[in-house]
Amino acid sequence: MTHTQETSLSDLDRHEVFLPQAVAVLENATSVTILCHVQPDADTIGSGLALALVLERKGIPVQVAFGAPDELPESMRELPGTHLLVPADQVRRNVDLLVTVDCGSAGRLGKLADRLANAGDTLVIDHHRSNTRFGRMNLIDESAESTTAVVAQMFDLWGVDIDADLAHCLYAGLVTDTGSFRWVQPGTHTLAERLLATGIDGARIARRLLDTHPFGWLPMLSSVLGSATLVPDAAGGRGLVYAVIRRAYIGDLRSEEIESVIDIVRTTSEAEVAAVLKEAVDGTWSVSLRSKSDVDVSVVAGYLGGGGHRFAAGYTAECSADEIVTSLVESLG
Ligand code: AMP
Ligand code: MN
Ligand code: MN
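If you're matching positions, the sequence shown starts at 1 in the UniProt record's numbering and goes up one per residue.
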């Protein structure tokens, strides 16, 4: 394990903070580095850029980065605030205030996890059930549907005027983490309404982030879905369905095409749990898990070295695809 703040901070140093303290820390910062999680999605990037735009307007020097890959996924390039992104290797070594957004553990920072140890202070802003409280200050709202929803609450307390640019970033995280408003709770639509009322084009944002794929996506889906497997006895008889995306199928497709597969596989009615195994360039695998009702996949993913939410979680593995399936079936019981 690398020597990160996760291991060097004593439990006494770490504490939960609430919105007022988080706002005070940000307001008084002399410079801020915001880190998003590796293989970023629109929630981590939307949260990071919205917060960065606010700090920039207040005259506080700010940079935003993520550990991998090198480029921002194409679907997120229209988000306001991308001028504040810096490549991972340009992130300062000794940062004043380091803020992480939508990261459940230090490992989610990838190669930037080493920046935790030398940071003047750390603030973790997140909504993952599995969050390890790896910052000195931890603002974690497990009930929030997205990290952008937590950031919106912070802005309200801060007296920030949420204009169209900020709303665009916040809406991006909200629409993706709620599965286009399928996983909602009281208040979700109220926030969406406020953001839309700033004049942003909700349809365009959702289409760009979630509903746009090159033609090559279709043959990839055909190969991957054509070999999907149903294991009816898994998860105590509630069933597991899984699909395997090998490098050979991926070609030059973007991460957006790969990440979309789980949303089709998980609709299988005969299975409570769905998994997609995604082969990385280096031969390792990242695994997406989804469940529908009574299986908490954040616990299963946590046991296998990852984390996430009750109904959506993930982990990485270095063994073969067959071994991943065997250990997954075993963990599901
Ligand atoms: P994904 O399947 O990649 O969309 O991820 C679903 C959820 O699981 C997200 O909330 C992720 O933050 C979390 N997650 C995915 N992969 C990992 C991992 N390797 N370690 C911890 N959490 C993960
Ligand atoms: Mn995320
Ligand atoms: Mn999120």
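By construction, the Cβ of each residue, glycine as well, lies at the ideal position given by its N, Cα and C atoms.
* Can you pull the DSSP bridge partners for Ile34? -> Here residue 34 refers to the residue found at position 34 of the sequence shown. Beta-bridge partners of Ile34 (DSSP): Val64, Val99.
* Inter-stretch contact (C-beta, 8 Å, three-pair minimum) for the stretch 35-46 and the stretch 170-184 -> yes
* How is Arg290 classed by DSSP in three states: helix, strand or coil? -> Mapped onto the sequence shown, residue 290 falls at position 290. Strand at Arg290.
* Under 5 Å, CB to nearest heavy atom of ligand 2: contacting residues -> After applying the 5 Å Cβ criterion, the set is Asp41, Asp43, Thr44, Asp102.
* Spell out the partners DSSP gives Trp285 in its beta bridges. => The count along the sequence shown starts at 1 and reaches residue 285 at position 285. Beta-bridge annotation (DSSP): Trp285 is paired with Glu279, Ala317.
* **Coarse secondary structure for Ile205, derived from DSSP in three states** => Walking along the sequence shown from the start, residue 205 turns up at place 205. In this structure, Ile205 counts as helix in the three-state DSSP scheme.
* With respect to 7 Å, is the separation between the Cβ of Ser331 and the closest non-hydrogen atom of ligand 1 below this value? -> For the purposes of this step, residue 331 is taken as residue 331 along the sequence shown, with counting starting at 1. Not so, every heavy atom of ligand 1 lies at least 7 Å from the Cβ.
* Contact check, Ala106 vs Phe66, beta carbons under 8 Å -> Counted from its first residue, the sequence shown places residue 106 at position 106. Counted from its first residue, the sequence shown places residue 66 at position 66. No, these two residues do not count as a Cβ contact at 8 Å.
* Asked: Skipping 5 residues on each side, what residues in its chain have a beta carbon closer than 7 Å to that of Ile262?
  -> Counting from 1 along the sequence shown, the entry for residue 262 is found at position 262. Excluding positions up to five away in sequence, the list reads Ala274, Val276, Ser288, Arg290.
* Could you tell me the distance, in whole angstroms, from the CA atom of Leu109 to the CA atom of Val101? => Position 109 of the sequence shown, counted from the first residue, corresponds to residue 109. Position 101 of the sequence shown, counted from the first residue, corresponds to residue 101. Rounded to whole angstroms, Leu109 to Val101 spans 10 Å at the Cα level.
* Asked: Apart from the five residues on each side of it in sequence, which residues of its chain come closer than 8 Å, Cβ to Cβ, to Thr148?
  -> Your numbering for residue 148 matches position 148 in the sequence shown. Answer for Thr148: Asp43, Gly46, Ser47, Ala50, Cys169, Leu170, Tyr171, Ala172, Gly173, Leu174, Asp177, listed in chain order.
* To do: Measure how close the beta-carbons of Ala312 and Val297 come, nearest whole angstrom, since I'm counting them as under 8 Å.
  => Counted from its first residue, the sequence shown places residue 312 at position 312. Counted from its first residue, the sequence shown places residue 297 at position 297. The Cβ separation is near 7 Å, so the contact holds.
* Asked: By how many angstroms is the C-alpha of Ala243 removed from the C-alpha of Ala234?
  -> Against the sequence shown, residue 234 aligns to sequence position 234. Against the sequence shown, residue 243 aligns to sequence position 243. For Ala234 and Ala243, the distance between alpha carbons rounds to 15 Å.
* **Beta-ladder partner(s) of Thr229, from DSSP** => Counting from one through the sequence shown, the residue named residue 229 turns up at place 229. DSSP output for Thr229 lists Tyr242 as bridge partner(s).
* Strand pairing of Thr122, partner residues [DSSP] -> Numbered from its first residue, the sequence shown carries residue 122 at position 122. Its beta-bridge partners are Leu98.
* With a threshold of 7 Å, establish whether the CB of Tyr315 neighbours any heavy atom of ligand 1. => Walking along the sequence shown from the start, residue 315 turns up at place 315. Within the cutoff, so yes.
* Measuring from the CB of Arg108, is there a heavy atom of ligand 1 at a distance below 7 Å? -> Translated into positions along the sequence shown, residue 108 becomes position 108. Yes, the beta carbon of Arg108 sits closer than 7 Å to at least one heavy atom of ligand 1.
* List the endpoints of the continuous beta strand (DSSP E) containing Leu139. => Taking the first residue of the sequence shown as 1, we reach residue 139 at position 139. Where Leu139 is concerned, the enclosing beta strand (DSSP E) stretches over 137-140.
* Comparing the C-beta of Glu74 with each C-beta of chain D, is any distance below 8 Å? -> Of the chains in the structure shown, none is chain D; there is only one protein chain.
* Asked: Where Gln63 and Val86 are concerned, what is the direct C-alpha to C-alpha distance, given to the nearest angstrom?
  -> Mapped onto the sequence shown, residue 63 falls at position 63. Mapped onto the sequence shown, residue 86 falls at position 86. Between Gln63 and Val86, the alpha-carbon positions lie close to 6 Å from each other.
* **In DSSP terms, what Ala312 is bridged to** => Your numbering for residue 312 matches position 312 in the sequence shown. The partner list for Ala312 (beta bridge, DSSP) reads Arg290.
* To do: Please report how far the alpha carbon of Ala29 lies from the alpha carbon of Thr212, in whole angstroms.
  => In the sequence shown, the residue the question calls residue 29 occupies position 29. In the sequence shown, the residue the question calls residue 212 occupies position 212. So the two alpha carbons sit approximately 39 Å from each other.
* Check whether the Cβ of Asp177 sits closer than 7 Å to any heavy atom of ligand 3, and report yes or no. => On the sequence shown, residue 177 is found 177 positions in, with the first residue counted as 1. Yes, since a heavy atom of ligand 3 falls inside the 7 Å radius drawn around the Cβ of Asp177.
* Cα-Cα, which of Arg129, Pro20, Leu230 is closest to Pro329? -> Position 329 of the sequence shown, counting from 1, holds the residue named residue 329. Note on identity: in this sequence residue 329 is Val, with Pro being the wrong assignment. Considering only Arg129, Pro20, Leu230, the residue with the shortest C-alpha distance to Val329 is Leu230.
* To do: With DSSP as the reference, label Thr2 as helix, strand or coil.
  => Position 2 of the sequence shown, counting from 1, holds the residue named residue 2. Unreliable placement is indicated for Thr2, whose pLDDT of 39 sits below 50; the coordinate value is still reported in the next sentence. Of the three classes helix, strand and coil, the one that applies to Thr2 here is coil, per DSSP.
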